[in-house]
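This report refers to the structure that appears directly beneath it.
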Amino acid sequence: MTDLSTLFHLHIAERQRTTAEALAETGFDALVISSGRVYTHFADDQDAPFHPTPHFAHWCPLAGPHHALVLRPGQTPRLIRFAPEDFWYEQAPLGNPFWASEFTIEEVGTVEDVWKRLGTLGRAAYIGNETDRADTAGLEVNPALLTAHLDWHRTTKSAYEVQCIEEATVIAARGHQAARTAFLSGASELDIHHAYIQAAGIVDQDMPYGSIVALDEKGATLHYEGKRKVKHGKVLLIDAGAQVRGYAADITRTLAAPHCDARFAALIAGMERIELRLCELVRPNLPYGDLHHQGHLLIADLLRESGILRATPEEAVEKGLSRPFFPHGLGHHLGIQVHDVAGRQGAADGTPAPPPPQHPTLRTTRTIEAQQVFTVEPGLYFIPMLLRPFRENGHSTLFNWPLIDELTPCGGIRIEDNLLVTAAGHRNLTRPHLPI
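Under this note's numbering, think of the first position of the sequence shown as 1058, with each following residue one higher.
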(Lines of atoms letter the chains of each structure in order from A and count residues from 1; the text may use other names and numbers.)
(Lines give C-alpha, C1' and ligand atoms only; values in the text may rest on other atoms or scores of the structure.)
Protein backbone atom coordinates (compact mmCIF):
# COMPACT_ATOMS: atom_id res chain seq x y z
CA MET A 1 0.00 0.00 0.00
CA THR A 2 1.33 3.45 -0.91
CA ASP A 3 2.43 5.56 2.06
CA LEU A 4 1.10 8.97 1.05
CA SER A 5 2.51 10.63 4.17
CA THR A 6 6.07 9.68 3.23
CA LEU A 7 5.61 10.66 -0.40
CA PHE A 8 4.10 13.98 0.62
CA HIS A 9 6.88 14.68 3.12
CA LEU A 10 9.44 14.29 0.33
CA HIS A 11 7.28 16.41 -1.97
CA ILE A 12 7.14 19.26 0.54
CA ALA A 13 10.87 19.04 1.19
CA GLU A 14 11.45 19.57 -2.51
CA ARG A 15 8.93 22.44 -2.59
CA GLN A 16 10.82 24.10 0.27
CA ARG A 17 14.12 23.70 -1.56
CA THR A 18 12.92 25.05 -4.92
CA THR A 19 10.92 27.87 -3.35
CA ALA A 20 13.88 28.99 -1.24
CA GLU A 21 16.00 28.94 -4.38
CA ALA A 22 13.41 30.99 -6.29
CA LEU A 23 13.09 33.55 -3.48
CA ALA A 24 16.86 33.95 -3.29
CA GLU A 25 17.07 34.41 -7.07
CA THR A 26 14.39 37.10 -7.04
CA GLY A 27 15.23 38.94 -3.80
CA PHE A 28 12.18 38.11 -1.71
CA ASP A 29 12.15 37.16 1.97
CA ALA A 30 8.82 35.35 1.95
CA LEU A 31 5.98 34.17 -0.27
CA VAL A 32 2.24 34.16 0.41
CA ILE A 33 0.03 31.97 -1.77
CA SER A 34 -3.72 31.98 -1.34
CA SER A 35 -6.04 29.26 -2.58
CA GLY A 36 -7.97 32.11 -4.22
CA ARG A 37 -11.39 33.67 -4.28
CA VAL A 38 -14.47 32.25 -5.94
CA TYR A 39 -15.46 33.67 -9.32
CA THR A 40 -19.08 34.89 -9.36
CA HIS A 41 -20.81 35.32 -12.71
CA PHE A 42 -21.52 38.90 -13.73
CA ALA A 43 -24.81 40.34 -12.46
CA ASP A 44 -25.62 37.01 -10.81
CA ASP A 45 -25.32 35.26 -7.46
CA GLN A 46 -24.12 31.97 -9.01
CA ASP A 47 -20.49 30.99 -8.59
CA ALA A 48 -18.37 29.13 -11.10
CA PRO A 49 -16.90 25.80 -9.93
CA PHE A 50 -13.94 26.73 -7.74
CA HIS A 51 -10.40 26.01 -8.93
CA PRO A 52 -7.63 26.74 -6.42
CA THR A 53 -4.58 28.78 -7.31
CA PRO A 54 -2.34 26.14 -8.94
CA HIS A 55 0.70 27.11 -6.88
CA PHE A 56 -1.34 26.65 -3.70
CA ALA A 57 -2.43 23.20 -4.90
CA HIS A 58 1.23 22.40 -5.62
CA TRP A 59 1.88 22.80 -1.89
CA CYS A 60 -1.36 21.66 -0.29
CA PRO A 61 -4.41 19.60 -1.38
CA LEU A 62 -6.78 21.49 0.94
CA ALA A 63 -9.99 22.31 -0.95
CA GLY A 64 -11.87 25.59 -0.83
CA PRO A 65 -11.23 29.34 -1.20
CA HIS A 66 -9.41 31.94 0.90
CA HIS A 67 -6.84 29.71 2.60
CA ALA A 68 -3.32 31.13 2.71
CA LEU A 69 0.18 29.66 2.83
CA VAL A 70 3.03 31.66 4.32
CA LEU A 71 6.37 30.38 3.12
CA ARG A 72 9.76 31.44 4.49
CA PRO A 73 13.05 29.66 3.80
CA GLY A 74 14.12 27.45 6.67
CA GLN A 75 10.75 27.56 8.43
CA THR A 76 7.83 25.15 8.59
CA PRO A 77 5.16 26.37 6.16
CA ARG A 78 2.23 28.10 7.82
CA LEU A 79 -1.26 27.22 6.60
CA ILE A 80 -3.98 29.68 7.57
CA ARG A 81 -7.20 27.76 7.02
CA PHE A 82 -10.39 29.69 6.30
CA ALA A 83 -13.11 27.82 8.23
CA PRO A 84 -16.23 30.00 8.41
CA GLU A 85 -19.36 29.20 10.37
CA ASP A 86 -21.84 29.16 7.51
CA PHE A 87 -25.17 27.34 7.51
CA TRP A 88 -25.65 27.80 3.74
CA TYR A 89 -22.87 25.40 2.74
CA GLU A 90 -21.40 22.18 4.08
CA GLN A 91 -18.54 22.80 6.47
CA ALA A 92 -16.37 19.71 6.65
CA PRO A 93 -13.96 19.48 9.59
CA LEU A 94 -10.29 19.25 8.71
CA GLY A 95 -9.75 16.01 10.60
CA ASN A 96 -6.26 14.57 10.42
CA PRO A 97 -5.33 14.30 6.73
CA PHE A 98 -2.05 12.69 5.73
CA TRP A 99 -0.54 16.05 4.77
CA ALA A 100 -1.35 18.04 7.92
CA SER A 101 1.90 17.36 9.80
CA GLU A 102 3.89 19.25 7.17
CA PHE A 103 2.29 22.59 8.16
CA THR A 104 1.73 24.78 11.15
CA ILE A 105 -2.05 25.12 10.84
CA GLU A 106 -4.12 28.04 12.10
CA GLU A 107 -7.89 28.26 11.65
CA VAL A 108 -9.83 31.50 11.32
CA GLY A 109 -13.48 32.25 10.64
CA THR A 110 -13.31 35.30 8.37
CA VAL A 111 -11.39 36.27 5.28
CA GLU A 112 -10.22 39.44 7.05
CA ASP A 113 -8.67 37.36 9.81
CA VAL A 114 -6.79 35.24 7.25
CA TRP A 115 -4.96 38.35 6.09
CA LYS A 116 -4.45 39.74 9.60
CA ARG A 117 -2.61 36.54 10.52
CA LEU A 118 0.10 37.02 7.89
CA GLY A 119 2.31 38.98 10.27
CA THR A 120 5.47 40.90 9.38
CA LEU A 121 7.14 39.32 6.37
CA GLY A 122 9.77 41.76 5.07
CA ARG A 123 9.94 41.97 1.30
CA ALA A 124 7.26 39.45 0.40
CA ALA A 125 5.58 38.29 -2.79
CA TYR A 126 2.04 37.11 -3.34
CA ILE A 127 0.63 34.65 -5.87
CA GLY A 128 -3.11 34.35 -6.37
CA ASN A 129 -6.20 36.29 -7.43
CA GLU A 130 -6.97 38.10 -4.16
CA THR A 131 -4.87 40.95 -5.44
CA ASP A 132 -6.71 43.80 -3.70
CA ARG A 133 -6.03 42.28 -0.29
CA ALA A 134 -2.43 41.52 -1.22
CA ASP A 135 -1.90 45.13 -2.31
CA THR A 136 -3.30 46.38 0.98
CA ALA A 137 -0.96 44.01 2.85
CA GLY A 138 2.02 45.51 1.01
CA LEU A 139 2.87 42.36 -0.94
CA GLU A 140 4.30 42.37 -4.45
CA VAL A 141 1.53 40.83 -6.52
CA ASN A 142 2.22 37.96 -8.91
CA PRO A 143 5.82 38.94 -9.76
CA ALA A 144 6.64 37.54 -13.18
CA LEU A 145 10.20 36.43 -12.48
CA LEU A 146 9.33 34.56 -9.28
CA THR A 147 6.32 32.95 -10.93
CA ALA A 148 8.50 31.82 -13.85
CA HIS A 149 10.92 30.13 -11.44
CA LEU A 150 8.09 28.33 -9.66
CA ASP A 151 6.44 27.34 -12.95
CA TRP A 152 9.72 25.89 -14.17
CA HIS A 153 10.01 23.60 -11.16
CA ARG A 154 6.42 22.42 -11.52
CA THR A 155 7.34 20.52 -14.68
CA THR A 156 9.45 18.13 -12.60
CA LYS A 157 7.07 15.81 -10.82
CA SER A 158 7.66 14.27 -7.40
CA ALA A 159 6.74 10.68 -6.59
CA TYR A 160 3.72 12.04 -4.71
CA GLU A 161 2.51 13.89 -7.81
CA VAL A 162 2.98 10.83 -10.01
CA GLN A 163 0.99 8.78 -7.50
CA CYS A 164 -1.89 11.27 -7.71
CA ILE A 165 -1.85 11.15 -11.52
CA GLU A 166 -1.84 7.35 -11.49
CA GLU A 167 -4.80 7.25 -9.08
CA ALA A 168 -6.64 9.64 -11.39
CA THR A 169 -5.80 7.35 -14.30
CA VAL A 170 -7.45 4.37 -12.61
CA ILE A 171 -10.65 6.39 -12.25
CA ALA A 172 -10.54 7.69 -15.82
CA ALA A 173 -9.86 4.21 -17.20
CA ARG A 174 -13.06 2.92 -15.60
CA GLY A 175 -14.95 5.74 -17.28
CA HIS A 176 -13.39 5.05 -20.68
CA GLN A 177 -14.22 1.35 -20.47
CA ALA A 178 -17.85 2.16 -19.66
CA ALA A 179 -17.97 4.72 -22.48
CA ARG A 180 -16.67 2.12 -24.93
CA THR A 181 -19.39 -0.32 -23.93
CA ALA A 182 -22.06 2.37 -24.23
CA PHE A 183 -20.83 3.45 -27.68
CA LEU A 184 -20.79 -0.09 -29.04
CA SER A 185 -24.36 -0.54 -27.82
CA GLY A 186 -25.43 2.46 -29.93
CA ALA A 187 -25.64 5.09 -27.18
CA SER A 188 -25.78 8.82 -27.86
CA GLU A 189 -23.05 11.30 -26.95
CA LEU A 190 -25.04 12.33 -23.89
CA ASP A 191 -25.57 8.74 -22.79
CA ILE A 192 -21.89 7.92 -23.33
CA HIS A 193 -20.93 10.88 -21.16
CA HIS A 194 -23.34 9.73 -18.45
CA ALA A 195 -21.87 6.21 -18.61
CA TYR A 196 -18.41 7.71 -18.17
CA ILE A 197 -19.16 9.80 -15.09
CA GLN A 198 -21.23 7.05 -13.47
CA ALA A 199 -18.43 4.52 -13.86
CA ALA A 200 -15.85 7.05 -12.67
CA GLY A 201 -18.03 7.91 -9.68
CA ILE A 202 -17.80 11.67 -10.17
CA VAL A 203 -19.99 14.59 -11.16
CA ASP A 204 -19.21 16.95 -14.02
CA GLN A 205 -17.63 19.67 -11.90
CA ASP A 206 -15.17 17.13 -10.44
CA MET A 207 -13.69 16.49 -13.88
CA PRO A 208 -10.42 18.29 -14.67
CA TYR A 209 -11.95 19.53 -17.94
CA GLY A 210 -15.24 19.17 -19.78
CA SER A 211 -15.38 15.82 -21.53
CA ILE A 212 -15.20 15.65 -25.32
CA VAL A 213 -17.63 12.96 -26.47
CA ALA A 214 -17.87 13.22 -30.23
CA LEU A 215 -19.61 10.92 -32.68
CA ASP A 216 -18.70 10.88 -36.36
CA GLU A 217 -18.10 14.33 -37.94
CA LYS A 218 -18.00 16.07 -34.53
CA GLY A 219 -14.70 14.33 -33.85
CA ALA A 220 -13.10 16.84 -36.23
CA THR A 221 -13.94 19.70 -33.82
CA LEU A 222 -10.91 19.62 -31.54
CA HIS A 223 -12.65 20.94 -28.42
CA TYR A 224 -16.18 19.79 -29.17
CA GLU A 225 -18.46 20.58 -26.22
CA GLY A 226 -21.81 19.26 -27.43
CA LYS A 227 -23.64 16.22 -26.14
CA ARG A 228 -26.06 15.26 -28.91
CA LYS A 229 -28.77 12.64 -28.52
CA VAL A 230 -28.21 11.09 -31.96
CA LYS A 231 -27.43 7.39 -31.63
CA HIS A 232 -25.59 4.59 -33.42
CA GLY A 233 -22.49 6.55 -34.38
CA LYS A 234 -19.86 5.01 -36.63
CA VAL A 235 -16.89 6.58 -34.79
CA LEU A 236 -16.40 7.75 -31.20
CA LEU A 237 -13.68 10.17 -30.18
CA ILE A 238 -13.68 10.54 -26.39
CA ASP A 239 -11.27 12.80 -24.54
CA ALA A 240 -12.00 12.63 -20.81
CA GLY A 241 -10.05 12.49 -17.59
CA ALA A 242 -10.28 12.53 -13.82
CA GLN A 243 -8.42 14.19 -10.98
CA VAL A 244 -7.14 13.17 -7.57
CA ARG A 245 -5.93 15.70 -5.01
CA GLY A 246 -5.87 18.26 -7.81
CA TYR A 247 -3.77 16.23 -10.28
CA ALA A 248 -5.25 15.21 -13.61
CA ALA A 249 -5.24 12.28 -15.96
CA ASP A 250 -5.97 13.24 -19.58
CA ILE A 251 -6.84 10.34 -21.90
CA THR A 252 -8.23 10.15 -25.43
CA ARG A 253 -9.39 7.13 -27.39
CA THR A 254 -10.99 6.78 -30.83
CA LEU A 255 -13.16 3.76 -31.55
CA ALA A 256 -14.80 2.36 -34.68
CA ALA A 257 -18.20 0.67 -34.61
CA PRO A 258 -18.68 -2.49 -36.71
CA HIS A 259 -20.55 -0.47 -39.35
CA CYS A 260 -17.76 2.13 -39.68
CA ASP A 261 -16.17 2.67 -43.10
CA ALA A 262 -13.37 0.08 -43.23
CA ARG A 263 -10.94 2.64 -44.65
CA PHE A 264 -11.45 4.92 -41.64
CA ALA A 265 -11.18 1.98 -39.23
CA ALA A 266 -7.81 1.21 -40.85
CA LEU A 267 -6.74 4.82 -40.21
CA ILE A 268 -7.65 4.42 -36.53
CA ALA A 269 -5.53 1.26 -36.34
CA GLY A 270 -2.69 3.11 -38.07
CA MET A 271 -2.89 6.01 -35.63
CA GLU A 272 -2.80 3.55 -32.73
CA ARG A 273 0.50 2.20 -34.07
CA ILE A 274 1.85 5.72 -34.56
CA GLU A 275 0.93 6.80 -31.04
CA LEU A 276 2.64 3.77 -29.52
CA ARG A 277 5.69 4.32 -31.71
CA LEU A 278 5.96 7.95 -30.57
CA CYS A 279 5.68 6.82 -26.96
CA GLU A 280 8.53 4.39 -27.55
CA LEU A 281 10.76 7.27 -28.65
CA VAL A 282 10.36 9.27 -25.44
CA ARG A 283 13.61 9.61 -23.50
CA PRO A 284 15.57 12.31 -21.69
CA ASN A 285 17.50 14.90 -23.72
CA LEU A 286 15.19 14.64 -26.75
CA PRO A 287 13.71 18.01 -27.75
CA TYR A 288 9.94 17.67 -27.60
CA GLY A 289 9.76 19.52 -30.93
CA ASP A 290 11.71 16.67 -32.55
CA LEU A 291 9.16 14.19 -31.24
CA HIS A 292 6.36 16.35 -32.64
CA HIS A 293 8.12 16.55 -36.02
CA GLN A 294 8.48 12.77 -36.05
CA GLY A 295 4.74 12.57 -35.43
CA HIS A 296 4.09 14.63 -38.57
CA LEU A 297 6.36 12.35 -40.62
CA LEU A 298 4.60 9.20 -39.39
CA ILE A 299 1.13 10.66 -39.99
CA ALA A 300 2.17 11.86 -43.45
CA ASP A 301 3.36 8.33 -44.23
CA LEU A 302 0.00 6.90 -43.08
CA LEU A 303 -1.81 9.41 -45.30
CA ARG A 304 0.37 8.31 -48.23
CA GLU A 305 -0.17 4.60 -47.55
CA SER A 306 -3.92 5.19 -47.30
CA GLY A 307 -4.02 6.97 -50.65
CA ILE A 308 -5.03 10.32 -49.15
CA LEU A 309 -1.79 12.13 -50.03
CA ARG A 310 0.39 11.67 -53.11
CA ALA A 311 3.68 12.79 -51.57
CA THR A 312 6.54 11.35 -49.58
CA PRO A 313 6.41 12.03 -45.83
CA GLU A 314 9.33 14.45 -46.09
CA GLU A 315 7.71 16.37 -48.95
CA ALA A 316 4.35 16.45 -47.20
CA VAL A 317 5.81 17.88 -43.98
CA GLU A 318 8.07 20.35 -45.79
CA LYS A 319 5.16 21.73 -47.82
CA GLY A 320 2.77 21.76 -44.86
CA LEU A 321 0.48 19.13 -46.38
CA SER A 322 0.21 17.15 -43.14
CA ARG A 323 -0.73 20.19 -41.06
CA PRO A 324 -4.44 20.40 -42.02
CA PHE A 325 -4.80 16.77 -40.94
CA PHE A 326 -2.73 17.23 -37.74
CA PRO A 327 -3.18 20.88 -36.75
CA HIS A 328 -2.35 20.74 -33.04
CA GLY A 329 0.73 20.03 -30.97
CA LEU A 330 1.69 16.47 -30.11
CA GLY A 331 1.07 17.00 -26.40
CA HIS A 332 1.53 19.12 -23.30
CA HIS A 333 2.85 18.96 -19.77
CA LEU A 334 0.36 17.48 -17.31
CA GLY A 335 -0.13 17.99 -13.59
CA ILE A 336 -2.20 20.32 -11.45
CA GLN A 337 -3.32 21.99 -14.65
CA VAL A 338 -4.29 19.80 -17.56
CA HIS A 339 -2.28 22.05 -19.88
CA ASP A 340 0.46 22.51 -17.33
CA VAL A 341 2.79 25.48 -17.21
CA ALA A 342 6.26 26.32 -18.54
CA GLY A 343 6.01 24.31 -21.75
CA ARG A 344 7.37 27.26 -23.73
CA GLN A 345 9.94 28.45 -21.19
CA GLY A 346 13.56 28.19 -22.24
CA ALA A 347 14.92 28.60 -18.72
CA ALA A 348 13.82 29.09 -15.12
CA ASP A 349 13.96 32.88 -15.50
CA GLY A 350 11.07 32.78 -17.97
CA THR A 351 13.12 33.19 -21.14
CA PRO A 352 10.58 32.42 -23.88
CA ALA A 353 11.08 29.46 -26.18
CA PRO A 354 8.48 29.96 -28.92
CA PRO A 355 7.50 27.15 -31.26
CA PRO A 356 9.12 27.00 -34.69
CA PRO A 357 7.20 28.55 -37.62
CA GLN A 358 6.73 25.10 -39.13
CA HIS A 359 4.84 23.90 -36.02
CA PRO A 360 3.20 27.00 -34.50
CA THR A 361 0.70 25.16 -32.29
CA LEU A 362 3.31 23.18 -30.35
CA ARG A 363 2.53 23.61 -26.62
CA THR A 364 5.94 22.54 -25.34
CA THR A 365 9.29 23.41 -26.82
CA ARG A 366 11.27 22.08 -23.88
CA THR A 367 13.91 19.39 -23.98
CA ILE A 368 12.53 16.23 -22.41
CA GLU A 369 13.91 15.60 -18.92
CA ALA A 370 13.51 12.88 -16.31
CA GLN A 371 10.49 13.27 -14.00
CA GLN A 372 8.47 15.29 -16.48
CA VAL A 373 4.92 14.09 -17.15
CA PHE A 374 3.33 14.97 -20.46
CA THR A 375 0.83 13.70 -22.97
CA VAL A 376 1.50 12.13 -26.35
CA GLU A 377 -1.60 12.63 -28.50
CA PRO A 378 -1.20 12.54 -32.27
CA GLY A 379 -4.31 13.32 -34.28
CA LEU A 380 -5.65 12.91 -37.80
CA TYR A 381 -8.76 14.90 -38.72
CA PHE A 382 -10.83 15.77 -41.77
CA ILE A 383 -11.55 19.47 -41.17
CA PRO A 384 -13.07 21.17 -44.24
CA MET A 385 -12.01 24.71 -43.25
CA LEU A 386 -8.34 23.65 -42.97
CA LEU A 387 -8.39 21.61 -46.17
CA ARG A 388 -10.19 24.26 -48.23
CA PRO A 389 -7.10 26.39 -48.99
CA PHE A 390 -5.27 23.33 -50.33
CA ARG A 391 -8.03 22.68 -52.87
CA GLU A 392 -7.20 26.06 -54.38
CA ASN A 393 -3.40 26.21 -54.33
CA GLY A 394 -0.66 24.63 -56.38
CA HIS A 395 -0.50 21.50 -54.23
CA SER A 396 -4.09 20.44 -54.90
CA THR A 397 -3.06 17.50 -57.10
CA LEU A 398 -1.20 15.96 -54.17
CA PHE A 399 -4.51 15.30 -52.37
CA ASN A 400 -7.01 12.57 -53.17
CA TRP A 401 -10.09 14.79 -52.88
CA PRO A 402 -12.75 12.16 -53.66
CA LEU A 403 -11.41 9.92 -50.88
CA ILE A 404 -11.11 12.86 -48.47
CA ASP A 405 -14.72 13.82 -49.13
CA GLU A 406 -15.87 10.24 -48.52
CA LEU A 407 -14.01 10.05 -45.17
CA THR A 408 -14.89 13.53 -43.91
CA PRO A 409 -18.22 12.41 -42.32
CA CYS A 410 -16.20 10.10 -40.06
CA GLY A 411 -14.63 13.11 -38.33
CA GLY A 412 -11.27 12.59 -36.71
CA ILE A 413 -8.90 10.43 -34.71
CA ARG A 414 -6.92 11.24 -31.57
CA ILE A 415 -5.20 8.78 -29.23
CA GLU A 416 -3.62 10.08 -26.04
CA ASP A 417 -1.52 8.57 -23.25
CA ASN A 418 0.22 10.18 -20.28
CA LEU A 419 3.94 9.46 -19.90
CA LEU A 420 6.39 9.80 -17.03
CA VAL A 421 9.95 10.33 -18.24
CA THR A 422 12.52 8.22 -16.40
CA ALA A 423 16.31 8.28 -16.42
CA ALA A 424 16.30 5.28 -18.76
CA GLY A 425 13.37 6.28 -20.98
CA HIS A 426 9.78 6.51 -19.85
CA ARG A 427 6.85 4.81 -18.15
CA ASN A 428 3.43 4.91 -19.75
CA LEU A 429 1.00 5.78 -16.96
CA THR A 430 -2.10 5.08 -19.06
CA ARG A 431 -1.71 1.75 -20.82
CA PRO A 432 -1.51 -0.50 -17.72
CA HIS A 433 -5.02 0.66 -16.85
CA LEU A 434 -6.42 1.21 -20.35
CA PRO A 435 -4.51 -1.03 -22.76
CA ILE A 436 -6.53 -0.02 -25.83
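Every residue gets a Cβ at the ideal spot worked out from N, C-alpha and C, and that includes glycine.
- With burial defined as no fewer than 16 other Cβ atoms inside 10 Å of the residue's Cβ, what is the status of F1099: buried or exposed? exposed
- Message: What residue range does the alpha helix (DSSP H) around Y1253 cover?
- Response: E1246 to A1257
- Task: Evaluate T1193 with the Cβ neighbour count: other Cβ atoms within 10 Å of its Cβ, from every protein chain shown; 16 or more gives buried, anything less gives exposed.
- Result: exposed
- Message: Going by DSSP in three states, L1128 sits in which element: helix, strand or coil?
- Response: strand
- Task: Go through the segment 1162-1239 residue by residue and report every complete run of the beta strand (DSSP E) that reaches 3 residues or more, in order.
- Result: 1181-1184
- What first and last residue would you give for the beta strand (DSSP E) that runs through H1483? H1483 to N1485
- Query: My guess is that F1085 and A1181 are in contact by the Cβ rule of under 8 Å, so how many angstroms apart are they, rounded?
  - Reply: Approximately 6 Å separates the beta-carbon atoms of F1085 and A1181; this is inside 8 Å, confirming the contact.
- Query: Would Y1253 pass as a contact of A1297 if the rule is Cβ separation under 8 Å?
  - Reply: Note that the C-beta distance between Y1253 and A1297 is below 8 Å.
- Identity of the residue in A1070, T1097, A1306 and Y1217 nearest H1490 by Cα: A1306
- E1163 and R1138: beta carbons closer than 8 Å? Between E1163 and R1138, the C-beta spacing is below 8 Å.
- Task: For P1417, count neighbouring C-beta atoms within 10 Å of its own C-beta (all shown protein chains included) and say buried if the count is 16 or more, exposed if not.
- Result: Counting the other Cβ atoms within 10 Å of the Cβ of P1417 gives fewer than 16, which makes it exposed.
- Selected residue, minimal CA-CA separation from A1480, among I1461, L1343 and R1420: With distances taken between Cα atoms, A1480 lies closest to L1343.
- Please report the Cβ distance between R1285 and L1272, rounded to the nearest whole angstrom; I am assuming they are in contact, meaning their Cβ atoms lie under 8 Å. 7 Å
- Task: Taking only the alpha-carbon atoms, compute the straight-line gap between I1325 and I1470 and give it to the nearest angstrom.
- Result: 6 Å
- Task: Kindly indicate which three-state DSSP category G1352 falls into: helix, strand or coil?
- Result: helix
- Query: Under the three-state reduction of DSSP, which class applies to A1410: helix, strand or coil?
  - Reply: coil
- Task: Taking only the alpha-carbon atoms, compute the straight-line gap between H1350 and E1223 and give it to the nearest angstrom.
- Result: When rounded, the separation of the alpha-carbon atoms in H1350 and E1223 is 28 Å.
- Message: I'd like the ranges of any beta strand (DSSP E) spanning at least 3 consecutive residues and lying wholly in the segment 1420-1462.
- Response: 1430-1433 and 1436-1438
- Query: Looking at the structure shown, is D1358 part of a helix, part of a strand, or coil, going by DSSP?
  - Reply: helix
- Name the DSSP beta bridge partners of G1469, please? According to the DSSP secondary-structure assignment, G1469 is paired through a beta bridge with Y1438.
- Message: On the DSSP bridge list, what partners appear for Q1402?
- Response: In the DSSP assignment, Q1402 forms a beta bridge with P1409.
- Using 10 angstroms around the beta-carbon of S1092, count the other beta-carbons present and answer buried if the total reaches 16, otherwise exposed. Buried, by the Cβ-count rule.
- Would DSSP call F1065 helix, strand or coil? helix
- Could you tell me the distance, in whole angstroms, from the CA atom of S1363 to the CA atom of R1330? 14 Å
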